[in-house]
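In what follows, a single structure is set out as structure tokens and then discussed.
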Amino acid sequence: MMQTRTVGDLKITRILEYAGPTHDPAFLFPDIDRGVLDANADWMAPHHWMPHMNKLIVTIQFWVVHAGDNIIVVDTGVGNFKPRAGIARMNMLNTLVREWMIAAGAPPEKVTHVVMTHLHADHVGWNTTWQDNRWAPTFPRACSH
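Numbering (the UniProt record's numbering), first residue to last: 1 to 145.
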């Protein structure tokens, strides 16, 4: 899924790899009382919290920024066909992210820069793609700078 906005001369596209109810709120807020969540359900549910499951909605997404002749990818999601032992929701994904990037005007071979906010598995996955029986850089032009 994609959503695009223009800010000045920049075109910014959000690419949503996936979203779903995955985490008990205690994962992020160990001391949280369920009553606090219930009291805020009017704005939290259903986009940020699923009360009947008591799960937070986790969204894996990244951004494509068109700035002049530059195509900048900010974070790269989980990636396809990545073995993620112990993280079933991220293990061996097979999404349409490559096609969505192309639709957003950012075919991987034309991306000029990749910015990593941090190095968690859900932020670096598309840095490499399985090609010719090996992991190869997905954004070769960005690697040549």
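Ideal Cβ placement from N, Cα and C applies to all residues, glycine included.
Option in the options with minimal Cα separation from residue i
{"i": "H52", "options": "G125, L37, Q61 and V58", "result": "L37"}
{"i": "P137", "options": "V58, N91, M44 and E109", "result": "E109"}
{"i": "H66", "options": "P21, T117, W130 and I102", "result": "I102"}
{"i": "F81", "options": "A26, P21 and Q131", "result": "Q131"}
{"i": "R89", "options": "A19, M2, K11 and Q3", "result": "A19"}
{"i": "W100", "options": "W43, C143, F62 and D42", "result": "F62"}
{"i": "D24", "options": "D42, K55 and V74", "result": "K55"}
{"i": "W126", "options": "V74, A26 and H48", "result": "V74"}
{"i": "T129", "options": "E17, I32, R98 and D69", "result": "R98"}
{"i": "W135", "options": "W43, T22, P83 and A39", "result": "P83"}
{"i": "G68", "options": "D33, H120 and D9", "result": "D9"}
{"i": "R141", "options": "T117, N133, H113 and L119", "result": "H113"}
{"i": "K60", "options": "E17, I87, L93 and N133", "result": "Here the sequence assigns Ile to residue 60, which means Lys is not the residue at that position. Of the listed residues, the one whose Cα sits closest to I60 is E17."}
Residue i (DSSP reduced to helix, strand or coil)
{"i": "A45", "result": "coil"}
{"i": "P107", "result": "coil"}
{"i": "I102", "result": "helix"}
{"i": "M116", "result": "coil"}
{"i": "F62", "result": "strand"}
{"i": "R84", "result": "coil"}
{"i": "L56", "result": "strand"}
{"i": "P25", "result": "helix"}
{"i": "N133", "result": "coil"}
{"i": "G68", "result": "coil"}
Integer-rounded CB distance, given that residue j should sit under 8 Å from residue i
{"i": "I57", "j": "A106", "result": "Their Cβ separation, rounded to whole angstroms, is 26 Å, which puts I57 and A106 out of contact at 8 Å."}
{"i": "T76", "j": "V7", "result": "Contact doesn't hold; Cβ gap of about 21 Å is too wide."}
{"i": "M2", "j": "A104", "result": "6 Å"}
Buried or exposed by the 16-neighbour rule on C-beta atoms within 10 Å, applied to residue i
{"i": "V115", "result": "exposed"}
{"i": "F29", "result": "exposed"}
{"i": "residue 185", "result": "Nothing can be reported for residue 185: it is not among the residues displayed for the chain, which extend from 1 to 145."}
{"i": "T13", "result": "buried"}
{"i": "F139", "result": "buried"}
{"i": "D122", "result": "buried"}
{"i": "W43", "result": "exposed"}
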